[in-house]
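Have a look at the structure below before the remarks.
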Amino acid sequence: MVAAPVSIDTLCVNSIRFLAIDAVNQAKSGHPGLPMGAAPMGYALWDKVMRHNPKNPKWFNRDRFVLSAGHGCMLLYALLHLTGYDSVSLED
Numbered sequence: 709m710v711a712a713p714v715s716i717d718t719l720c721v722n723s724i725r726f727l728a729i730d731a732v733n734q735a736k737s738g739h740p741g742l743p744m745g746a747a748p749m750g751y752a753l754w755d756k757v758m759r760h761n762p763k764n765p766k767w768f769n770r771d772r773f774v775l776s777a778g779h780g781c782m783l784l785y786a787l788l789h790l791t792g793y794d795s796v797s798l799e800d
């Protein structure tokens, strides 16, 4: 039986989820529910809607992403890391 091909969007969303869950596990702290559930929304915003440039993070006209639910910060960290912002490393 041949597995159905997986879209790049699905792979990206699953990568966000994996990084967020791994970070919560490594920190032995945090809430995995928000990053797991909001990963598709976060990916769609960061990839399709928001205007940002990891090479120029202080660009004046960039869009800003405000995540007011602090317990879901691993979603933001995963998005920053995967989109190439140097200020966030895997150790963070």
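Heads up: the sequence shown begins at 709 in the numbering used here, then just goes up one per residue. By construction, the Cβ of each residue, glycine as well, lies at the ideal position given by its N, Cα and C atoms.
Taking the alpha helix (DSSP H) that residue i belongs to, which residues open and close that run?
i       : result
Tyr-785 : 781-790
Gly-745 : 741-752
Arg-725 : 716-735
Just the Cα atoms here: how many angstroms apart are residue i and residue j?
i       : j       : result
Pro-743 : Phe-726 : 9 angstroms
Ile-716 : Asn-722 : 10 angstroms
His-779 : Ile-724 : 16 angstroms
Lys-766 : Leu-784 : 17 angstroms
Pro-762 : Lys-736 : 29 angstroms
Ser-795 : Leu-788 : 8 angstroms
Leu-753 : Asn-769 : 16 angstroms
Met-749 : Cys-720 : 12 angstroms
Tyr-751 : Asp-771 : 15 angstroms
Gly-738 : Ala-712 : 34 angstroms
Val-757 : Phe-773 : 11 angstroms
Cys-781 : Asp-730 : 13 angstroms
Thr-718 : Val-710 : 18 angstroms
Roughly how far, in whole angstroms, is the beta-carbon of residue i from the beta-carbon of residue j, given that I think they are within contact range, below 8 angstroms?
i       : j       : result
Ala-746 : Ala-786 : Not a contact, Cβ separation roughly 10 angstroms.
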